[in-house]
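Worksheet: one structure, shown below.
8 protein chains.
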Amino acid sequence: MPHSTLDPSRLSRQGFPEVVFCESKTTAQIIDNLRGLAAANGRALGTRLQPDRADEVTAALPGSSYDPISRCVSLGDTPAPAENTPSVAIICAGTSDLPVAGEAAATLSFLGHPVRNFNDLGVAGIHRLHDRIDEIRQSSVVIVVAGMEGALPSVVGGLLACPVIAVPTSVGYGASFQGLAALLGMLNSCASGLTVTNIDNGFGAAIAAHRILHNR
Amino acid sequence: MPHSTLDPSRLSRQGFPEVVFCESKTTAQIIDNLRGLAAANGRALGTRLQPDRADEVTAALPGSSYDPISRCVSLGDTPAPAENTPSVAIICAGTSDLPVAGEAAATLSFLGHPVRNFNDLGVAGIHRLHDRIDEIRQSSVVIVVAGMEGALPSVVGGLLACPVIAVPTSVGYGASFQGLAALLGMLNSCASGLTVTNIDNGFGAAIAAHRILHNR
Amino acid sequence: MPHSTLDPSRLSRQGFPEVVFCESKTTAQIIDNLRGLAAANGRALGTRLQPDRADEVTAALPGSSYDPISRCVSLGDTPAPAENTPSVAIICAGTSDLPVAGEAAATLSFLGHPVRNFNDLGVAGIHRLHDRIDEIRQSSVVIVVAGMEGALPSVVGGLLACPVIAVPTSVGYGASFQGLAALLGMLNSCASGLTVTNIDNGFGAAIAAHRILHNR
Amino acid sequence: MPHSTLDPSRLSRQGFPEVVFCESKTTAQIIDNLRGLAAANGRALGTRLQPDRADEVTAALPGSSYDPISRCVSLGDTPAPAENTPSVAIICAGTSDLPVAGEAAATLSFLGHPVRNFNDLGVAGIHRLHDRIDEIRQSSVVIVVAGMEGALPSVVGGLLACPVIAVPTSVGYGASFQGLAALLGMLNSCASGLTVTNIDNGFGAAIAAHRILHNR
Amino acid sequence: MPHSTLDPSRLSRQGFPEVVFCESKTTAQIIDNLRGLAAANGRALGTRLQPDRADEVTAALPGSSYDPISRCVSLGDTPAPAENTPSVAIICAGTSDLPVAGEAAATLSFLGHPVRNFNDLGVAGIHRLHDRIDEIRQSSVVIVVAGMEGALPSVVGGLLACPVIAVPTSVGYGASFQGLAALLGMLNSCASGLTVTNIDNGFGAAIAAHRILHNR
Amino acid sequence: MPHSTLDPSRLSRQGFPEVVFCESKTTAQIIDNLRGLAAANGRALGTRLQPDRADEVTAALPGSSYDPISRCVSLGDTPAPAENTPSVAIICAGTSDLPVAGEAAATLSFLGHPVRNFNDLGVAGIHRLHDRIDEIRQSSVVIVVAGMEGALPSVVGGLLACPVIAVPTSVGYGASFQGLAALLGMLNSCASGLTVTNIDNGFGAAIAAHRILHNR
Amino acid sequence: MPHSTLDPSRLSRQGFPEVVFCESKTTAQIIDNLRGLAAANGRALGTRLQPDRADEVTAALPGSSYDPISRCVSLGDTPAPAENTPSVAIICAGTSDLPVAGEAAATLSFLGHPVRNFNDLGVAGIHRLHDRIDEIRQSSVVIVVAGMEGALPSVVGGLLACPVIAVPTSVGYGASFQGLAALLGMLNSCASGLTVTNIDNGFGAAIAAHRILHNR
Amino acid sequence: MPHSTLDPSRLSRQGFPEVVFCESKTTAQIIDNLRGLAAANGRALGTRLQPDRADEVTAALPGSSYDPISRCVSLGDTPAPAENTPSVAIICAGTSDLPVAGEAAATLSFLGHPVRNFNDLGVAGIHRLHDRIDEIRQSSVVIVVAGMEGALPSVVGGLLACPVIAVPTSVGYGASFQGLAALLGMLNSCASGLTVTNIDNGFGAAIAAHRILHNR
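Chains as they are written, first to last, in this note's numbering: chain A, 2 to 217; chain B, 2 to 217; chain C, 2 to 217; chain D, 2 to 217; chain E, 2 to 217; chain F, 2 to 217; chain G, 2 to 217; chain H, 2 to 217.
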């Protein structure tokens, strides 16, 4: 793999294995990297693989599967988490945010964490959140995924004591400026102690949750 | 007044008299303009008069008064509104938003509309809003003033059917970029049918409310 | 509909039913949502449905129709408004702004409001506006749709006393920055009491007009 | 003058002499440069000299005078223009734009052009412009100075056939972003053939007018 | 033409006829508008017509022709300018700027002005400009078209006394931000009295030149 | 306190008491709020109190103290944490980042968490970080505070498995754009699972750490 | 070549021949320019030639070859550098940065400089850099290519004494804003004496290295 | 010095000693750091020390001196460079750029490099540059300092073969956006192989020149 320098010690240093970010790699590089990581770690995950390239990748890698919503490809089996493993709640403001939430869910599952999804709870119908807040409170970490004005993490953060990770998405148009509005909103939240990831970075939010859960 | 061209027909054309925006005028221009408008309309209002220039203005204009929170100067008396006049609710996300809310309130009062203030109802403690939403619903128009992430109008807009005017403020720091975060948040609200004014433009929100109430 | 959380109380809370924003949903989600809303409310509206997906949607939903200018799909019949119902004037600066104006018109019609259209009245030929201002004045609310420098709402707002809702469009090129120039222009209007929606948000302007007309 | 490299051939190359931009120079550099230019050209002009430094400059340069509105200092006498010299009209949207209009006027006068001022003709009261448009049409070049949304040049440009130079100003607040809104508005004008200068650049507009008048 | 409001008095008001901006219109609207303007004025011009739509337009309009470099379509014949008519020089910084320069040239020719082209004279090889500056000086107005850092107008403006109109182009990549770098560079030119148009606005520069030449 | 709506249930809802953000409040409001919170919770903390207002606040509130580096004021005593309480490491890229790091430290101490400070470990001298990384690894959560290019969290995040919270600061000049460069850098970190707060938001980082530690 | 003005003296003036930037030129212009330069200099190089146009170019120019990774086309043979010629190290943060690094390498090779490539050494696995730093130190100039947060040049610059040229790439998503984050990061580096090129400008970095090596 | 972590190996690692950036440090920190570095290296340099704090610093440090133009403080004596040491040319576009040029000169002198200054050679009077280009060509490295549109480096870079380092300054107003226009201009230069530093970063340019000269 002359185009890449594998990082085999990442698992021991950081507590999670390398994952392939597919977006700006060639298909050949993606296949090489997934195969190399699976050889080292027994299984591998790739994120942001566009649907029109997925068939070529899965055909080249027996045992791999691709999910078109989350745009993730995985290779090898992930053992089911033990019972009573603390879960991560992933809350979505709208249907259009599902791909980012799906990326977070796929990454957490790959790392062995149970995930609970709460979809389409945007603040314009705040009762939908109140109806489910007690369920949400059962999880140990909450990831909130929202585009447009990105207000949902502020309300959620004000109702919960646990770690809340806010993920802005590029859902919206006009003055959303591809997710900038949601990003700025989350960074300026009046709810204290939220932290924020890059726009559309469901993967990063999952790793942040893993850093919290893996180390306690 | 060679520096200004009075617009005496504004009251008949637009339904409200000219108001003096003091910020980038000289003190002499402010005094001239207020005196000229009071001569034409019986009374006059000035907005955004910084406290350090207020004494000079009020000294030159007998019968004028200045409020340091809203930074408004008024000249002449405003008659009390008739009973049962529809009111405007002004909701504030935080204590720091009070100057902008005050400017809206002063303008509405000058135009004869009753105002009801609801302070410090930011979304991080969403129960504070729920506790008062029935009171708020009594008003015919709602102005929501918020800085930081500007999420409050989205929640309010989702709970009410009346016109909701969102006013972003420059309250915040860092990535609030002097109110840009709140402005973008309000423009991208997931609550439908909100409209938005310029950052810190309490005056404009009041006139927008007046346009609604004056014409029905 | 596991991907969406319907909001059946929106009509009672906000005075208008949920509408499907089609842009970032899959075709299957759009069809599901329109069918679900029509089941609840008798009819349904979808906005921002790109022409290349319209056939699939209308084929799946008998009784639906699609308009390629406004990019709206509607399902079910809207009763004609009663005579003397107050109307909304929609003024367009240029021919290229028609899709956004059309979205506003389709939404208002869906909600039962008569609409009067005034096309191509940009300020570079200001006499075109003067020729029609008396007609415009017959409406109770005015929506002004403009791209490029977005100057038209300022002139209109200075001539009328009624509520004026300004909608910036992404029409333009270069330093229009996809509608940012028009948006900033409208937010900074020297005509007092204008309010502004997101870029290209004809739907939002219609709902704002509905909030005004529905509640008086 | 080791800190500066005089450009004595500018008058012959470009048709106008060097002028001192005072803003980011030390007071000693300003005095040196004005004295040097007056020695070469008989008279000299400095722009953007803040009031608190003016006394020191005029005290050091006998025969100089300072105008606090335009913030210009001039040294030496300018002969009156010949009768029938074509004039430049300078139109101002608001009282707060006077300093920039004044800088343009002072520069044009220094270069021998008659100037006619039209103040406070913003588009929110469009009749004020219509009342004076025939007067404005007498001039050979028109400079339009406006802050906030900067809409005035579009309307003026649509009414006149002569060259129209648009000067955005930093007047405004919030989303005016120190004149950016006016600048973008003017660059995107729907009136064809306007040209634009930097924000607050009254001097540049005057030189542009001079380039037009001087060469025909 | 219900989608457009013709402006037949533009020629008398502004000295040039309406021109069709094709970019965001449908092909049917373009054909309608060109035909309507040709009926009124004897000939018509359209700008920014993408090559893939040109055949349909020229097929529908006998006597029309299309130039793929300048992306202009013209309908009807333009009489040759009289001898000794003052010319406009159009200077291009690089080969990639030719489409914008071509749009300016096509517009000027349509309006009866002789044009002289000077291509690929960017400042990185400043001798190329010096070699031709005397030729350039023969023209009465100079249009300078440049992308990337947009430095050429500053150098040209420092060498000439005539009106200089600077047109930034979107040529470049990375931190050119689609022409923003060139636009800002031209607005901040150290050469006095340049004026600037929108990014890629060759048409606007031509009309500005026409305003200068037509009125002297 | 008519200007504020206290939130007494915050401690039970979110696990930490309300803290006074002093920056855009009047001195009277600050004193009122601190006194009110101390009455409710036994002690109180205020952040972002500028030094020139500190004396007035501490004089009005016996038992309060002010630290000019972190700009925090505290009222009432905080009990020392129990032995073996997990600590938070706060790493600073440069001396100029100390105020933000100090705000995080003061907030964590107020909430009962031991803090370990690591100052001036910027990546330009990467050995300084390597020398101390084993010490840093003893803490359960790491906060990394950096201005300029904000690269330090990426390196730290690549070396550690625990939660890493990145705080951009406004330290820098020119193209740092008041912390924007550091903020963007941290959001785009190639080290997975970092989360980010607003620029200069040491308080928010401390609350985020508290949310992690308090709930495990 | 009427569309271009060749610059045959560039080699003597600047020490390197003209190179064809292909991105916004027509295929015919590219072929013309490459052929013209090869006629003058014996060989020629073109950068940023998209793969879908490469076949047409190489077919038209016998002796030319195209590399799809670096997107460079070369015409004519480059002699191998003499032994002991100082080399340039090109360090890449990630696999996705290879096209930009390849453009730098192709340009340097064309100019006769030995190149040594170090791929995928991003700071999230800092040991990968430490493992190879002694090798890197053998080169006389170092080019560091990185997208996302662009932190690698800061670390490299802190470890080396030689000239370090930082090249931001557009690799990333969301708040990378097409390379803006990396660009700002590199401009604000805490490692002193780095210099920076435009985003994705591998060619420019190579010429900068050539300017250093060619002149000592 | 608990607030700072000295980096004593910087001289051996990078070839130049640590320098104190004074802007966001307290006066006590500045004095401590300068004293500490002088103890280690025999002499020390501080940059960006504002004039109003200089007296306190020089009073505390016998043998120190302060220059108010470059805002640099130095402690200890610098030996004169050997004869025939290659020099650095520093070219300034305007008088207002002198502070940044001075910072570069002071840093280079501190490091033992002869400096030659060329002031006020902006491109609006391009002959001033041509008059001195042969002198400039005698230096081995050229630093070009310019604000406003920042065009000077493009012209210089096109005339010279040696390394050219471009330094944008914050000189300008309006759309210069505190140096952004100059920065973008330099990054997009059509002259190949320029490299760029942060806005106003004369120090960084000097270190970059030192990296070139020190290592050949």
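From the three backbone atoms N, C-alpha and C, an ideal C-beta is built for every residue, glycine too.
Excluding sequence positions up to five before and after Ala41 of chain D, its CB lies within less than 6 Å of the CB of Pro9, all in the same chain and listed in chain order. Per DSSP, the continuous alpha helix (DSSP H) segment holding Leu109 of chain F begins and ends at 99 to 111.
Considering only F:Asp135, F:Val124, F:Gly123, F:Tyr174, the residue with the shortest C-alpha distance to Arg117 of chain F is F:Asp135.
By DSSP's assignment, Gly47 of chain B forms a beta bridge with B:Val21, B:Val74. Judged by DSSP secondary structure, Asn118 of chain F falls within the beta strand (DSSP E) whose first and last residues are 116 to 119. Excluding the 5 residues flanking it on each side, Pro164 of chain D has same chain C-beta neighbours closer than 6 Å at Val142, Ile213, in chain order. Counting along the chain, the unbroken alpha helix (DSSP H) around Ser155 of chain A starts and ends at 153 to 160. Closer than 8 Å to the CB of Gly126 of chain H there is at least one CB belonging to chain D. Distance between Thr28 of chain F and Ala55 of chain F, taken at the CA atoms: about 9 Å.
Within chain C, the residues whose beta carbon sits less than 8 Å from that of His4 of chain E are Thr96, Leu99, Asn120, Asp121, listed in sequence order. Judged by pairs of C-beta atoms under 8 Å, the region 123 to 135 of chain C does not touch the region 15 to 31 of chain D, as fewer than three such pairs exist. Among the residues facing chain A, Asn199 of chain C is included, as its CB has a counterpart in that chain under 8 Å away. One finds nothing in chain B with a Cβ atom closer than 8 Å to the Cβ of Cys163 of chain A; even the nearest lies about 15 Å away. When Cβ-Cβ separations below 8 Å define contact, Gly148 of chain B makes no contact with chain D.
In the three-state reduction of the DSSP assignment, Val172 of chain D falls in the coil class. Annotation: Arg138 of chain F to Leu153 of chain F spans about 15 Å, alpha carbon to alpha carbon.
Contact with chain H is absent for Gly37 of chain D, since none of that chain's Cβ atoms lies less than 8 Å from the residue's Cβ. Setting aside the 5 residues that flank it on each side, Glu150 of chain F is surrounded in the same chain by Ala182, Ala183, Gly186, each with a C-beta closer than 7 Å to its C-beta; the list follows chain order. By the criterion of a C-beta distance shorter than 7 Å, Pro115 of chain F is surrounded in its chain by Pro82, Thr86, Ser88, once the five residues flanking it on both sides are discounted.
A residue is called buried once 16 or more other Cβ atoms fall within 10 Å of its Cβ, and Gly205 of chain G is buried on that count. Look at Cys93 of chain E: its C-beta is not under 8 Å from any C-beta on chain H.
For Ser177 of chain H, the secondary structure class from DSSP, reduced to helix, strand or coil, is helix.
Where Ala90 of chain C is concerned, the enclosing beta strand (DSSP E) starts and stops at 89 to 93.
In this structure, Thr59 of chain C sits near Tyr67 of chain C, with a CB-CB distance shorter than 8 Å. Around the beta-carbon of Glu84 of chain F, fewer than 16 other beta-carbon atoms lie within 10 Å, marking it exposed.
For Val142 of chain C, the enclosing beta strand (DSSP E) stretches over residues 142 to 147. Residues of chain G whose Cβ lies closer than 7 Å to the Cβ of Ala176 of chain E are, in chain order, Leu184, Asn199, Ile200.
Ile127 of chain A places its beta carbon 8 Å or farther from that of Val168 of chain A.
Within the same chain, Gln30 come within 7 Å of His4 of chain A by CB-CB distance, once the 5 residues on both sides are set aside. Under DSSP, the beta-bridge partners assigned to Ile166 of chain B are B:Ile144, B:Thr196.
In this structure, the alpha-carbon of Gly43 of chain B lies about 20 Å from that of His215 of chain B. A distance below 6 Å between beta-carbons, with the five flanking residues on each side excluded, links Gly158 of chain E to the following residues of its chain, in chain order: Val165, Ala192, Leu195. The three-state secondary structure of Ser65 of chain B, taken from DSSP, is strand. The beta carbon of Ala176 of chain H sits closer than 7 Å to those of Ala182, all from its chain and outside the five residues before and after it, given in chain order.
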